[in-house]
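>
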């Protein structure tokens, strides 16, 4: 993975994954490894699941137990050093849900992102005013303060800059339902600007926008999901609900979401047809 796109979140996951693989090659259970080191079994589990950051001494103890060479130790220490860095999203930890900050950490190193959105223009493609109106609309449920709204808008714009305009951006493919172009947030001028922005962003070489029209078949009965792909890490699907979010990491289930995305994309308009429809909606919002 390119170092300029390195994400401490992904490094933590890779470190845990590498330690788990080394343990399994020695045919040791987590409980057996913990007993040999005088640790609790939960410590091994938390380290391998990237819920706890190991210390340098912890890694040295594990490497000694697993009987691996010095080069591997250097690699693991390098992963630990990278994992200890702060990601840009950590500046917003006080205002963003924990699951979402983890998603941002994964997104920072994704090579491809495929998103199905049945209700809203996706966050990566939102204008500042549209984003503010979307966040304000949820205040009655999420109890977000005025400063919290401002910080969330800033985080969303920061995310756009870092994902869409980084030196080697990921490939972004979005399918959104036509209703997302028709549901009003803010004044008509906000919607018109959002439609025009969507058209502009859709012209970027690494962005592909498709619209599923209201008279098309709706082949998947599910809410928003985002499928992230990585160069050296298993795919992950992110699901966001009202009060929480989940990550799908089981390979068979991830494959199911991949099939679902391909299905809904096949029913949607192609890129040029989608731009024509978005332009038509922009003109309607001028009235």
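Residue numbers (the working numbering): -9 to 277.
Just so you know, even glycine gets a beta-carbon here, dropped at the ideal spot from N, CA and C.
Note that the structure is a prediction, hence the values are computed from the model and not measured.
Which residues does DSSP pair with residue 79 in a beta bridge?
Answer is none; residue 79 lacks a bridge partner.
> State the Cα-Cα distance for the pair residue 42 and residue 245, rounded to the nearest angstrom.
Going by the C-alpha atoms only, they are around 28 Å apart.
> When the Cα atoms are used, what is the spatial distance from residue -3 to residue 159?
Approximately 14 Å between the Cα atoms of the pair.
> Write down the C-beta distance between residue 33 and residue 24 rounded to the nearest angstrom, noting that I regard them as a contact closer than 8 Å.
The pair is a contact, with the Cβ atoms about 6 Å apart (cut-off 8 Å).
> My guess is that residue 247 and residue 208 are in contact by the Cβ rule of under 8 Å, so how many angstroms apart are they, rounded?
In fact, because the Cβ distance is near 16 Å, the residues do not count as touching under 8 Å.
> Can the beta-carbon of residue 89 be found less than 8 Å from the beta-carbon of residue 214?
Their beta carbons are not under 8 Å apart, which means residue 89 does not touch residue 214 by this criterion.
> Spell out the partners DSSP gives residue 106 in its beta bridges.
Answer is 165, 215, bridged to residue 106.
> Considering just the uninterrupted stretch of the alpha helix (DSSP H) at residue 180, what are its terminal residues?
178 to 192 is the extent of the alpha helix (DSSP H) around residue 180.
> Using a C-beta cutoff of 8 Å, does residue 47 count as contacting chain D?
In the displayed structure, chain D is absent; only one protein chain is listed.
> I'd like the ranges of any alpha helix (DSSP H) spanning at least 4 consecutive residues and lying wholly in the region 196 to 241.
Within the region 196 to 241, no complete alpha helix (DSSP H) run reaches 4 residues.
> Going by beta-carbon coordinates alone, are residue 226 and residue 96 separated by less than 8 Å?
Against a cut-off of 8 Å, the Cβ pair of residue 96 and residue 226 comes out as a contact.
> Restricting to Cα atoms, I'd like to know which of 223, 238, 201 is closest to residue 269.
Minimum Cα distance to residue 269 is reached at 201.
> Can you find the residues in the same chain that come closer than 7 Å, C-beta to C-beta, to residue 9, ignoring five residues on each side of it along the sequence?
Around residue 9: 37, 38, 52.
> Taking contact to mean at least 3 C-beta pairs separated by less than 8 Å, is the region 128 to 135 in contact with the region 159 to 172?
These segments do not touch.
> Beta carbon of residue 122, beta carbon of residue 143: below 8 Å?
Result yes, Cβ atoms of residue 122 and residue 143 sit closer than 8 Å.
> How should residue 105 be labelled, buried or exposed, when 16 other C-beta atoms within 10 angstroms of its C-beta is the threshold for buried?
Classification of residue 105: buried, given that the 10 Å Cβ count is 16 or more.
> What does the alpha-carbon distance come out to for the pair residue 230 and residue 236?
Distance between the alpha carbons of residue 230 and residue 236: 6 Å.
> With H, G and I counted as helix, E and B as strand and the rest as coil, what does DSSP make of residue 70?
Note: residue 70 maps to helix in three-state DSSP.
> If you run the structure through DSSP and keep just helix, strand and coil, what is residue 134?
Residue 134: coil per DSSP, three-state reduction.
> Applying the criterion that 16 or more other CB atoms from any shown protein chain within 10 Å of the CB defines a buried residue, is residue 242 buried or exposed?
So residue 242 ends up on the exposed side.
> Measuring alpha carbon to alpha carbon, tell me which of 148, 29, 127, 131 ends up nearest residue 114.
Nearest option by C-alpha distance: 148.
> Can the beta-carbon of residue 261 be found closer than 8 Å to that of residue 206?
Going by C-beta atoms, residue 261 is not nearer than 8 Å to residue 206.
> Out of 239, 210, 232, state which residue places its alpha-carbon closest to the alpha-carbon of residue 219.
Among 239, 210, 232, the Cα nearest to that of residue 219 is on 239.
> Less than 8 Å separating the beta-carbons of residue 117 and residue 183?
Closer than 8 Å, so yes.
> Just verifying my parser: in three-state terms, what is the DSSP assignment at residue 48?
If DSSP states are grouped into helix, strand and coil, residue 48 belongs with the helices.
> If contacts are defined as beta-carbon pairs under 8 Å, then residue 80 and residue 91 qualify, I think. What distance do you get, rounded to the angstrom?
The pair is a contact, with the Cβ atoms about 7 Å apart (cut-off 8 Å).
> Can you tell me whether residue 43 is helix, strand or coil according to DSSP?
Reduced to three states, the DSSP call for residue 43 is coil.
> Nearest to residue 272 by CA position, among 257, 179, 255, is which residue?
Measuring from the Cα of residue 272, the nearest candidate turns out to be 179.
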